[in-house]
Amino acid sequence: MLTCTMTYWYPGLFTLIDFFAKYFPKKPLYIGGIYAKLCLKHLENFIETNYPWLRWDIVREDIDTFISKLKETYEPSGKPFSHSYPAFDLQRHIPYVVILTSQGCPFSCPYCASKKLYPYFIQHEPEEIIEEISFWHQRFGVLDFAFYDDALLVNFEKHLAVILEGVLKRGLRVRFHTPNALHARFIDLEVASLLKKTGFTTIRLGLERIEDRLDQKVTLEEFEKAIYSLFKAGFNSSNLGAYILFGLPHEDFDLVKRTLWYLEKLKIPPYLAEFSPIPGTPLFELAKETSRYPLQEEPLCHNNTTFPALKNPPWEVIHEIKNLARGIRARFKTLEAS
Ligand code: SF4
Numbered sequence: 036m037l038t039c040t041m042t043y044w045y046p047g048l049f050t051l052i053d054f055f056a057k058y059f060p061k062k063p064l065y066i067g068g069i070y071a072k073l074c075l076k077h078l079e080n081f082i083e084t085n086y087p088w089l090r091w092d093i094v095r096e097d098i099d100t101f102i103s104k105l106k107e108t109y110e111p112s113g114k115p116f117s118h119s120y121p122a123f124d125l126q127r128h129i130p131y132v133v134i135l136t137s138q139g140c141p142f143s144c145p146y147c148a149s150k151k152l153y154p155y156f157i158q159h160e161p162e163e164i165i166e167e168i169s170f171w172h173q174r175f176g177v178l179d180f181a182f183y184d185d186a187l188l189v190n191f192e193k194h195l196a197v198i199l200e201g202v203l204k205r206g207l208r209v210r211f212h213t214p215n216a217l218h219a220r221f222i223d224l225e226v227a228s229l230l231k232k233t234g235f236t237t238i239r240l241g242l243e244r245i246e247d248r249l250d251q252k253v254t255l256e257e258f259e260k261a262i263y264s265l266f267k268a269g270f271n272s273s274n275l276g277a278y279i280l281f282g283l284p285h286e287d288f289d290l291v292k293r294t295l296w297y298l299e300k301l302k303i304p305p306y307l308a309e310f311s312p313i314p315g316t317p318l319f320e321l322a323k324e325t326s327r328y329p330l331q332e333e334p335l336c337h338n339n340t341t342f343p344a345l346k347n348p349p350w351e352v353i354h355e356i357k358n359l360a361r362g363i364r365a366r367f368k369t370l371e372a373s
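To convert, count from 1 in the sequence shown and add 35; that's this note's numbering.
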């Protein structure tokens, strides 16, 4: 079972396919992950051209259904692994554990692949998540947990609130982090207070832009209300951060600067997220027109470090903006330290 996350990481996957085709030619390969789902034709071309005899398939279904199907075809050959969570315990030291309480997102932002990868938004049972957190904390002493959900706060009362109440009830003293942005629109004082009480330490919010929004996920009013609630609940700038998307087709770099200054005024450290065109999204289609690269044919060209959606990236302005963001974050750090 092979996977590949970013579309432009496919050379690593191809190296593995070469390896298995050479040394285990009779074993079937199951390939999942973002690249395989979004660039299936590209993957098919590679395998059909180089290993037309290979037995392989794409993992299209959710992981539980896939594993059940696999078990019907191949009888497990040994003792089952001692637990069914991702095997973080294969590491000598577990610095943190990743938790996914849901799949997908009810929003449809035109630059995001969430809907394409997970057409349905599914939340797992809160009790299962409490068990999972408890397992890693009590068995392995793990303190830090990073939620990788796309939409952690949706349906808060019936989902995350239940999980966090469960964590409190069991007396688990842990720290939570949300490197994937939270939806600011769902944060009021009650939500922020529960996050604070249960050990949330790193909170990232998705802002993206302050004008010409491409999505419906948050208004500036909702964003500011969320910031007010988070500060009131006891968080400080060092716990918080907001993402700004930049490098979009026809990017307005002055708007990016204004977004940085806006966050500085709110005392929120800014984090720039360079745009990567994702196949199957409306912005990918637009980026194909504005890019200097063959985005459709070559997934390597999706690499966001090259600002692939732009014909002529203005590198000096880009460096200036990156330095501006770094400078604002550094100023907050110094302020917090003093
Ligand atoms: S809200 Fe976030 S996860 Fe959901 S579609 Fe928009 S960018 Fe993607």
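All residues carry an ideal CB built from backbone N, CA and C; glycine is no exception.
Of the residues the options, the one placed nearest residue i, counting alpha carbons only
| i | options | result |
| --- | --- | --- |
| residue 137 | 269, 161, 78, 65 | 161 |
| residue 2 | 109, 360, 78, 215 | A question about residue 2 goes unanswered here, because the residues of the chain that appear run from 36 up to 373. |
| residue 224 | 257, 210, 204, 59 | 257 |
| residue 319 | 342, 303, 141 | 342 |
| residue 366 | 329, 264, 299 | 299 |
| residue 133 | 177, 307, 150 | 177 |
| residue 179 | 167, 70, 189 | 167 |
| residue 261 | 239, 77, 279, 281 | 239 |
| residue 244 | 303, 280, 221, 268 | 280 |
| residue 200 | 217, 164, 221 | 164 |
| residue 151 | 159, 182, 139 | 139 |
| residue 358 | 291, 326, 275 | 291 |
| residue 339 | 307, 356, 324 | 307 |
| residue 352 | 302, 325, 282 | 282 |
| residue 254 | 278, 219, 230 | 219 |
| residue 183 | 193, 149, 53 | 149 |
| residue 305 | 284, 361, 265 | 361 |
| residue 69 | 55, 93, 181 | 93 |
| residue 242 | 155, 144, 209 | 144 |
| residue 356 | 368, 325, 288, 326 | 288 |
Alpha-carbon spacing of residue i relative to residue j, whole angstroms
| i | j | result |
| --- | --- | --- |
| residue 293 | residue 249 | 16 Å |
| residue 173 | residue 207 | 8 Å |
| residue 227 | residue 310 | 29 Å |
| residue 347 | residue 196 | 47 Å |
| residue 286 | residue 345 | 8 Å |
| residue 321 | residue 72 | 20 Å |
| residue 331 | residue 44 | 15 Å |
| residue 64 | residue 47 | 15 Å |
| residue 38 | residue 141 | 25 Å |
| residue 89 | residue 66 | 12 Å |
| residue 98 | residue 158 | 14 Å |
| residue 323 | residue 329 | 7 Å |
| residue 212 | residue 41 | 22 Å |
| residue 131 | residue 122 | 12 Å |
| residue 271 | residue 303 | 9 Å |
| residue 267 | residue 203 | 21 Å |
| residue 57 | residue 91 | 14 Å |
| residue 246 | residue 108 | 53 Å |
| residue 188 | residue 276 | 17 Å |
| residue 78 | residue 334 | 10 Å |
| residue 80 | residue 74 | 10 Å |
| residue 297 | residue 60 | 57 Å |
| residue 120 | residue 222 | 30 Å |
| residue 350 | residue 170 | 48 Å |
| residue 101 | residue 135 | 17 Å |
| residue 301 | residue 313 | 31 Å |
| residue 317 | residue 252 | 16 Å |
| residue 230 | residue 125 | 30 Å |
| residue 85 | residue 284 | 35 Å |
Residue range of the unbroken beta strand (DSSP E) whose run includes residue i
| i | result |
| --- | --- |
| residue 210 | 210-217 |
| residue 240 | 235-241 |
| residue 276 | 275-281 |
| residue 181 | 179-182 |
| residue 92 | 91-93 |
Counterpart residues of residue i in DSSP-defined beta bridges
| i | result |
| --- | --- |
| residue 137 | 158 |
| residue 38 | 67 |
| residue 132 | 180 |
Any chain D beta carbon closer than 8 Å to residue i
| i | result |
| --- | --- |
| residue 64 | The structure shown contains no chain D; it is built from a single protein chain. |
Continuous alpha helix (DSSP H) stretch holding residue i: start and end
| i | result |
| --- | --- |
| residue 222 | Looking at the DSSP string, residue 222 is not in any alpha helix (DSSP H), and its letter there is neither H nor E. |
| residue 189 | No alpha helix (DSSP H) holds residue 189; DSSP gives it neither H nor E. |
| residue 259 | 255-267 |
| residue 57 | 45-58 |
| residue 247 | Premise fails: residue 247 is in no alpha helix (DSSP H) and is neither H nor E. |
| residue 149 | 149-152 |
| residue 204 | 195-204 |
| residue 106 | 98-108 |
| residue 85 | 75-85 |
Subject >> Runs of beta strand (DSSP E) lying entirely within the stretch 291-330, each at least 3 residues, in chain order >> reply: Counting whole runs of 3 or more residues, the stretch 291-330 contains the beta strand (DSSP E) stretches 305-309.
**OP:** Give me every residue whose Cβ sits closer than 5 Å to any heavy atom of the ligand SAM, in chain order.
**Re:** Of the ligands one can find in the structure shown, namely the ligand SF4, none is the ligand SAM.
Original post:
What residue ranges within the stretch 342-366 form continuous alpha helix (DSSP H) runs of no fewer than 4 residues, ordered along the chain?
Top reply: Those alpha helix (DSSP H) runs which fall completely within the stretch 342-366 and span 4+ residues do not exist here.
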